[in-house]
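Q: I'd like to ask you about the structure that follows.
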Amino acid sequence: DTGVSQDPRHKITKRGQNVTFRCDPISEHNRLYWYRQTLGQGPEFLTYFQNEAQLEKSRLLSDRFSAERPKGSFSTLEIQRTEQGDSAMYLCASSRQGAHGYTFGSGTRLTVV
Amino acid sequence: KQEVTQIPAALSVPEGENLVLNCSFTDSAIYNLQWFRQDPGKGLTSLLLIQSSQREQTSGRLNASLDKSSGRSTLYIAASQPGDSATYLCAVHMYSGGGADGLTFGKGTHLIIQP
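Following this line, the structure appears as structure tokens:
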């Protein structure tokens, strides 16, 4: 068990470009979550998968955002036509179903210039 | 809608002091509560998880209590060390699902331990 892995750690992109982030959860965790955190704030929920099914999406997740979790393993979060307001830390977490805590990854820090 | 408040927003104390971080939540019907630590520019590290039926959890110099009926939790740090400097986040889990009502965070307490 190597924990939750996220790649890349940092991403700098020009406004209007597309970016994709990857998250590898703990292997026995069937739930996977994406959160976004801006400076001085707590993380905010974006979306959640149980196995390969995306069960819920936040209103924060505009049409430019899409997330997938093929085969219920790793997940990707894509942002199309990035805007400066997308600059944030994107955190992935995983958990087992039931009364268990969440395990977070180290995050991907996105800077849109 | 669940709201989580953490007080104080920032705290600076000399090394060796015992300290208490506070977390309050508006909806007491929680499933569990989790305390995290976040170092600058890093992800979240889970410190303690308290189930709704529990009153407290301990790990080393950390002790977290939960008073569900009053909507409060405290994180007690004994004999603080400079390495404890970080932001501490409280998060409440409303139910066993994982959606928007799954985990709600406070804004955190930024802690500095002076050597």
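Chains as they are written, first to last, in the working numbering: chain A, -1 to 111; chain B, 6 to 120.
In this text, a Cβ means the ideal position worked out from N, Cα and C, and glycines have one as well.
Which residue comes first and which comes last in the beta strand (DSSP E) that contains Arg42(B)?
A: On the second sequence, position 37 is the one that residue 42(B) refers to. Element bounds for Arg42(B): Asn37 to Gln43.
Q: List the residues of chain A that Gln39(B) touches, going by C-beta distances under 8 Å, in chain order.
A: In the second sequence, the residue the question calls residue 39(B) occupies position 34. Under the 8 Å cutoff, chain A gives Gly99 and Tyr100.
Q: Which ranges would you report for the beta strand (DSSP E) in the region 0 to 33 of chain A if only whole runs of at least 3 residues count?
A: The qualifying runs are 3 to 5, 8 to 11 and 17 to 22.
Q: Straight-line CA distance for Leu80(B) to Asn68(B)?
A: Numbered from 1 along the second sequence, position 75 holds the residue referred to as residue 80(B). Numbered from 1 along the second sequence, position 63 holds the residue referred to as residue 68(B). Straight-line Cα distance between these residues: approximately 6 Å.
Q: Quick one: which chain A residues come within Cβ less than 8 Å of Gly76(B)?
A: As a working note, residue 76(B) is residue 71 in the second sequence. Chain A residues near Gly76(B): none, gap ~17 Å exceeds 8 Å.
Q: Can you check whether the C-beta of Leu108(B) is within less than 8 Å of a C-beta belonging to chain A?
A: Translated into positions along the second sequence, residue 108(B) becomes position 103. So yes, Leu108(B) belongs to the interface.
Q: Helix, strand or coil, according to DSSP, for Asp89(B) in the structure here?
A: Position 84 of the second sequence holds residue 89(B). Residue state, collapsed to three classes: helix.
Q: Drop a sphere of 10 angstroms on the beta-carbon of Ser71(A), count the other beta-carbons inside from all chains shown, and report buried for 16 or more, exposed for fewer.
A: Indexing the first sequence from 1 puts residue 71(A) at position 73. Burial call: exposed.
Q: Does the region 10 to 29 of chain B come within contact of the region 81 to 89 of chain B, defined as at least 3 CB pairs closer than 8 Å?
A: Short answer: they touch.
Q: 8 Å is my cut-off, CB to CB: does Leu49(B) come that close to chain A?
A: Here the question's residue 49(B) lines up with position 44 in the second sequence. True, the Cβ-Cβ gap to chain A drops below 8 Å.
Q: When burial is assigned at 16 or more other CB atoms within 10 Å of the CB, is Gln35(A) buried or exposed?
A: By one-based count along the first sequence, residue 35(A) stands at place 37. Buried: at least 16 other Cβ atoms inside 10 Å.
Q: Could you tell me the distance, in whole angstroms, from the CA atom of Lys9(A) to the CA atom of Ser75(B)?
A: Position 11 of the first sequence holds residue 9(A). Position 70 of the second sequence holds residue 75(B). Near 42 Å, if we compare the C-alpha coordinates of Ser75(B) and Lys9(A).
Q: Which residue from Leu58(A), Gln78(A), Arg94(A) and Arg67(A) puts its Cα closest to that of Gly14(A)?
A: Working through the first sequence from its first residue, we reach residue 14(A) at position 16. Of the candidates Leu58(A), Gln78(A), Arg94(A) and Arg67(A), the one whose C-alpha sits nearest the C-alpha of Gly14(A) is Gln78(A).
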